[in-house]
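Asks: Residue numbers (the working numbering): 529 to 1030. Just so it is clear, CB atoms sit at the ideal spot from N, CA and C, and this is done for glycine as well. Just so we're clear, the structure is a prediction, and the values are computed from it rather than from any experiment.
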Amino acid sequence: MLKTFEDKLIDWAGKISRSTVLNVIQHSFMQIFPFMMIGSIFALIAGLPIEAYTNMLAATGLDVLLQIPVQYTTEFISVYLVYAVAYNYCVEKGNKKNAVVNGLISLFAFMILVPYQVVGEGWEAVTSIPFTYTGAKGMFIALFVGFGVGALCTTAYKKKWTIKMPDSVPPFVANSFSSLIPAFIVAFLFLIIRFVFSFTPWGSVFNAFYTLLQKPLSVVTSGPWGVAIIETVSMTLWWLGIHGGAVTYQIKNILFAENRLGNLAAYAAGEQMTHAVTGLFLTPGVLPLIFMCFVVGRSQRTKSVTKVAAVPAIFGISEPINFGLPTVLNPLMAIPTIITYPLAVFYTYALNMAGLLPYCNGTQIRNCPYFILAFVQFGGFVGLFWWIVLFAICCAIYFPFVKALDKQYVKEEMGKETNDSLVGQNASNDTITITCAKPEKIVEAFDNKEVVGQKFAVINIEEHSVTVNFDSSNSSKEEVVKLLNKFMKEDSYFSGLMVQIK
């Protein structure tokens, strides 16, 4: 029953990872990430809590100047997002030729919906668009508009609702004219939406969305439970050999974007941050696991794996230890693997509520060492100190489990006999090792089977890896590995697993 459940869960995760919606969101957020980084860096520069420094900025006017990059990144992020979503949707649907134009059309549609303000009268009247709706508060609307316009324009092109120009007309001119009809359809549709909402009690799409969804969203984003549940799901998937972050990261990113970017803007302006929960929390990652392996590890397997996994773990890359030790599908490691991240969420929140730890300022830096992030995000040395305390707590959680696992490996190594006949092969053969959470599936798919034009034979099976050999006289190992990687990515089952081939 458990085996069937795991297979169904892997299939489900594979379908999610191939979902058009999640792929578009993932690619879109990666494209706008440089703007988030720029906003984070300038917010840090402007918001350093040093009185002499902030007084200098105020006296020279640099405080106002440093706010400009923050305003046009974090407080303008929805404008970039709506373009990226429409662009990536068109690319995903095979409409790459018109993706740039469709992105611009989606930006146009978004601005139609944004309420504007008119200040003054006559010649002195000034029309302005408030940052209120172009920042994090507009991200959900930007997603809907981006997907909607992308789908509408792609449908229009497929149905040939376009102006066809003669073949002699240059392609860039023809593409512009072919977008006229979809653009007019979008313009009329979104004008009607704006007009209809002007007669509602909310006045605009933005106010309606946040009035109707603010209460259910606040249940998730105002306390630690929402983040803790997401992290529990993520780490459970990791234990099953599925990249949990790929499944849950974008959901968390969207849900907590307003809180995170709100704190970032307040921090840059020197104002009090109001959101205790931003989706970001103090965590030591897998570093406590690595440390405890070094401390209590006696087996050759534990020592060799942790030496290789230590440096990647510092930068948040956990695959080497997860698959090498392994923690994946390892009953001994299930409890610490799944509970450490959710516990870190509650520890961080408790410290915030007790006033012992400043709220997270919302900065995001990818693949940055966790202890540096603790310093940057949670108030400097206070955050770093509590990260060290949390590291020690997680080490205590991992200790009995790592010790029991290492004892098991020591016994296996003492009773293990080398059998060279299992790996004997002639000069024309070469070997490939495939690592994943389901080695039995590798055996089933590869043993004496022809895959990607090669016949494979299983010659060795470890706990989470399978070694196969093949005739290398016709194709090099590099070529076969490349073909296998493509096969694994496209296969409906294996694409849900984190498969490593070497």
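Hey, quick one: how far does the alpha helix (DSSP H) through T830 stretch, first residue to last?
Replies: That run of the alpha helix (DSSP H) goes Q828 to I842.
Asks: In the DSSP assignment, find the beta strand (DSSP E) that holds N1035 and state where it starts and stops.
Replies: The structure shown does not extend to residue 1035, since the chain is modelled only from 529 through 1030, so no value can be given for it.
Asks: Who are the Cβ neighbours of V647 in its own chain at under 6 angstroms, not counting the five residues just before and after it?
Replies: Same-chain partners within the cutoff: V654.
Asks: To the nearest angstrom, how far is it from the Cα of K966 to the Cα of I987?
Replies: Roughly 17 angstroms separates the two Cα atoms.
Asks: Check whether the segment 885-898 touches the segment 841-850, taking contact to mean three or more Cβ pairs, one atom from each stretch, closer than 8 angstroms.
Replies: Because the criterion of three Cβ pairs below 8 angstroms is met, the segment 885-898 and the segment 841-850 touch.
Asks: Assign P870 to one of two classes, buried (16 or more other C-beta atoms within 10 Å of its C-beta) or exposed (fewer than that).
Replies: Classification of P870: buried, given that the 10 Å Cβ count is 16 or more.
Asks: Can you tell which of L680, F734, K687 and A785 has its C-alpha closest to the C-alpha of A664?
Replies: Here the closest residue by C-alpha is A785.
Asks: For N957, list the residues DSSP reports as bridge partners.
Replies: Paired residue(s): D999.
Asks: Assuming Y611 and S634 form a contact by the criterion Cβ under 8 angstroms, report the distance between their Cβ atoms to the nearest whole angstrom.
Replies: That belief holds up - the Cβ atoms of Y611 and S634 are roughly 6 angstroms apart, short of 8 angstroms.
Asks: To the nearest angstrom, report how far apart I578 and Y795 are at their CA atoms.
Replies: Distance between the alpha carbons of I578 and Y795: 13 angstroms.
Asks: Going by DSSP, what residue range makes up the alpha helix (DSSP H) through T802?
Replies: Run containing T802: none; DSSP gives neither H nor E here.
Asks: Quick one: give me the first and last residue of the beta strand (DSSP E) that I989 is part of.
Replies: From DSSP, the beta strand (DSSP E) with I989 extends over Q982 to I989.
Asks: If you draw a straight line from the alpha carbon of I921 to that of V814, how long is it in whole angstroms?
Replies: The alpha-carbon atoms of I921 and V814 are separated by roughly 13 angstroms.
Asks: Between P848 and the rest of its own chain, which residues show a CB-CB distance below 8 angstroms, the 5 nearest in sequence each way excluded?
Replies: Around P848: V833, V836, A837, P840 and A841.
Asks: How far does the alpha helix (DSSP H) with Q559 in it extend, from its first residue to its last?
Replies: Element bounds for Q559: T548 to G575.
Asks: Can you grab the Cα-Cα spacing for the pair S1000 / F1022, in whole Å?
Replies: Cα-Cα distance, rounded: 24 angstroms.
Asks: With a cut-off of 8 angstroms on the beta carbons, I'd call V824 and V930 a contact; round off their distance for me.
Replies: Sure, about 6 angstroms apart at Cβ, within 8 angstroms.
Asks: According to DSSP, which residues form a beta bridge with T963?
Replies: Answer is S993 and Q1028, bridged to T963.
Asks: Considering Cα atoms alone, identify which of S993, G674, S1004 and N889 is closest to G981.
Replies: Of S993, G674, S1004 and N889, the residue nearest in Cα terms is S1004.
Asks: Near M820, which residues of its chain fall below 7 angstroms by C-beta distance, leaving aside the five closest residues on each side in sequence?
Replies: Taken in chain order, the residues that qualify are C923, Y926, F927 and V930.
Asks: Quick check on V654: does DSSP put it in helix, strand or coil?
Replies: Of the three classes helix, strand and coil, the one that applies to V654 here is strand, per DSSP.
Asks: Three-state secondary structure (DSSP) at K977?
Replies: Residue state, collapsed to three classes: strand.
Asks: Return the bridge partner residues of V647 from the DSSP annotation.
Replies: Looking at the DSSP assignment, V647 forms a beta bridge with V654.
Asks: Considering Cα atoms alone, identify which of K977, N735, I863 and L671 is closest to F557.
Replies: Considering only alpha carbons, the answer is L671.
Asks: Quick one: grab the DSSP three-state call for Q892.
Replies: Here Q892 sits in coil by DSSP.
Asks: Using beta-carbon positions only, say whether V910 and L885 come within less than 8 angstroms of one another.
Replies: Result yes, Cβ atoms of V910 and L885 sit closer than 8 angstroms.
Asks: Under a three-way DSSP split, which group does G674 fall into?
Replies: In this structure, G674 counts as helix in the three-state DSSP scheme.
Asks: What is the DSSP secondary structure of G813, reduced to helix, strand or coil?
Replies: Looking at G813 - three-state DSSP - the assignment turns out to be coil, as it is neither helix nor strand.
Asks: Grab the span of the alpha helix (DSSP H) containing K931 for me, first residue to last.
Replies: Taken as a continuous stretch (DSSP letters only), the alpha helix (DSSP H) holding K931 covers F909 to M942.
Asks: Tell whether a beta-carbon distance below 8 angstroms holds between V755 and V805.
Replies: The answer is yes: Cβ separation under 8 angstroms.
Asks: A627 and Y615 look like a contact to me (Cβ under 8 angstroms); what is the Cβ gap, rounded to whole Å?
Replies: Confirmed, about 5 angstroms.
Asks: Roughly how far, in whole angstroms, is the beta-carbon of T548 from the beta-carbon of E620, given that I think they are within contact range, below 8 angstroms?
Replies: Rounded, the Cβ-Cβ distance is 5 angstroms, consistent with contact.
Asks: With a threshold of 8 angstroms between beta carbons, is G807 in contact with chain D?
Replies: Absent from the structure is chain D; it holds one protein chain and no more.
Asks: For the structure I just gave you, are there three or more beta carbon pairs, one from the segment 856-865 and one from the segment 900-908, closer than 8 angstroms?
Replies: Because the criterion of three Cβ pairs below 8 angstroms is not met, the segment 856-865 and the segment 900-908 do not touch.
Asks: With DSSP as the reference, label P870 as helix, strand or coil.
Replies: In the structure shown, P870 sits in a helix (DSSP, three-state: H, G or I).
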